[in-house]
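Residue numbers (my numbering): 23 to 343. Think of the CB as a built atom: it goes at the ideal place given N, C-alpha and C, for glycine as much as any other residue. Treat the numbers as computed from the prediction; the structure is a model and nothing was measured. Shown next, in structure tokens, is the structure this report addresses.
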């Protein structure tokens, strides 16, 4: 009898369909392996993750519609560490997060996406939940801001990007125009908002937003940058949007409009962690285009940033108790 045949078969499994998966390669379908709930409205949860696979507003290289899937798959590399270093608490012990999958809209119909995303965000927020959105190109932030403003009124914006996205290009759907339209619609207050990492042309006179350009951000300390951000946003409700091209292409090549001279992933994460205490009410991570990525480093950076934002929001919640 062979050695293999002498091994007694295992019996009595009580976790065949419930065993938690800590691998880095299987069942990678949701953000941080959180439960998939297609209709999040009636479900008890604190935060809903919603993907927005849209890139019809892209002016450069397309492909960000694949970003939500790439970020979810990269997040599997983070899910095994139940207490993310250097945080001192386990996120999911204090915040229930569910993944609602991706927004479904008529393919090729930018207006349908815009209306459906605003309506979906409306319902999620009205159900008392927080929303973490995964783009998609950066245009998706505009309908999200419209939904958030119904809840919070005029907000401050913390905007990480290589571009100001305040350009009046004349198009309704353009990922460079959201922060031209948003102030005009009364959604955000530029004077209470900060843009970090900018390194492309913009009108410095009359621009309205406070800008910490990439050269400044690279030379200044994290403490100095965070102090300016907190002084600028004050106590206003804050929406934080992170365009992955804020990072230098060395850290995030997988994006549609890469610009050299950006900040490092390390500096971005340190700034985000230090934003504890702001009145964070909404957040998104956008512009991951996996077709241009290398070894998934852009998707991993974006997933890590999204996770850090969840930690900041949870830390604020714990501090408020």
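Handout entry: Through-space distance from residue 61 to residue 128, alpha-carbon basis
Key = 18 angstroms
Practice task
Compare the C-alpha of residue 213 against each of 252, 194, 124 and 161 and name the closest.
Solution key: 252
Practice task
Measuring alpha carbon to alpha carbon, tell me which of 216, 240 and 81 ends up nearest residue 280.
Solution key: 81
Practice task
Would you give the residue range spanned by the beta strand (DSSP E) that residue 120 belongs to?
Solution key: 119-124
Problem - Residue environment, residue 335, which counts as buried when at least 16 other CB atoms sit within 10 Å - result: buried
Handout entry: Proximity winner among 188, 140 and 114, relative to residue 167 (alpha-carbon distances)
Key = 140
Practice task
Report yes if the CB atom of residue 309 is closer than 8 angstroms to the CB atom of residue 266, and no otherwise.
Solution key: yes
Practice task
Decide if residue 268 is buried, meaning its Cβ has at least 16 other Cβ atoms within 10 Å, or exposed.
Solution key: buried
Problem - Selection from 306, 102, 183 and 77 that minimises the alpha carbon distance to residue 133 - result: 77
Exercise for the section: Using only alpha-carbon positions, find the residue among 122, 100, 290 and 84 that is nearest to residue 240. Expected result: 290
Exercise for the section: Identify whether residue 150 lies in helix, strand or coil by the three-state DSSP scheme. Expected result: coil
Problem - Sheet register partners of residue 15 (DSSP bridge) - result: Given a span of 23 to 343 for the chain in the structure shown, any question on residue 15 remains unanswerable.
Problem - Delimiting residues of the alpha helix (DSSP H) encompassing residue 248 - result: 244-255
Exercise for the section: Alpha carbon to alpha carbon, how far is residue 94 from residue 51? Give it in angstroms, no decimals. Expected result: 7 angstroms
Practice task
Kindly identify the DSSP beta-bridge partner or partners of residue 338.
Solution key: Paired residues: none, contrary to the question.
Problem - Own chain, CB closer than 6 angstroms to residue 23, minus 5 neighbours either side, in chain order - result: Its pLDDT being 47, under 50, residue 23 is placed unreliably in this model, and the value from its coordinates should be taken loosely. There are no such residues.
Handout entry: Pairwise C-alpha distance: residue 171 and residue 264
Key = 18 angstroms
Exercise for the section: Might you give, ordered along the chain, the residues of its own chain that have their beta carbon closer than 6 angstroms to the beta carbon of residue 313, omitting 5 neighbours on each side? Expected result: 85
Practice task
Pull up the CB-CB distance for residue 255 and residue 210, whole angstroms please, since I reckon it's below 8 angstroms.
Solution key: With 8 angstroms as the limit, residue 255 and residue 210 do not qualify as a contact, their Cβ atoms being about 11 angstroms apart.
Practice task
Measure the alpha-carbon distance for residue 106 versus residue 232 and round it to whole angstroms.
Solution key: 31 angstroms
Problem - CB contact flag (residue 183, residue 219, <8 angstroms) - result: yes
Handout entry: Three-state class that DSSP yields for residue 1 in the structure shown
Key = A question about residue 1 goes unanswered here, because the residues of the chain that appear run from 23 up to 343.
Problem - DSSP bridge partner residues for residue 216 (one or two, in chain order) - result: 180 and 232
Exercise for the section: Determine the burial state of residue 53: buried for a count of at least 16 other Cβ atoms within 10 Å of its Cβ, exposed for fewer. Expected result: buried
Exercise for the section: Between the Cα of residue 185 and those of 196, 328 and 73, spot the shortest distance and give me the residue it belongs to. Expected result: 196
Practice task
Out of 169, 126, 161 and 130, state which residue places its alpha-carbon closest to the alpha-carbon of residue 145.
Solution key: 169
Problem - Length of the line joining the Cα atoms of residue 235 and residue 41 - result: 47 angstroms
Problem - residue 156 and residue 57 closer than 8 angstroms at C-beta - result: no
Handout entry: Rounded distance between the beta-carbons of residue 320 and residue 100, thought under 8 angstroms
Key = Not confirmed; about 15 angstroms, so no contact.
Exercise for the section: Can you give me the start and stop residues for the beta strand (DSSP E) that residue 297 sits inside? Expected result: Careful: residue 297 lies outside any beta strand (DSSP E) and carries neither H nor E.
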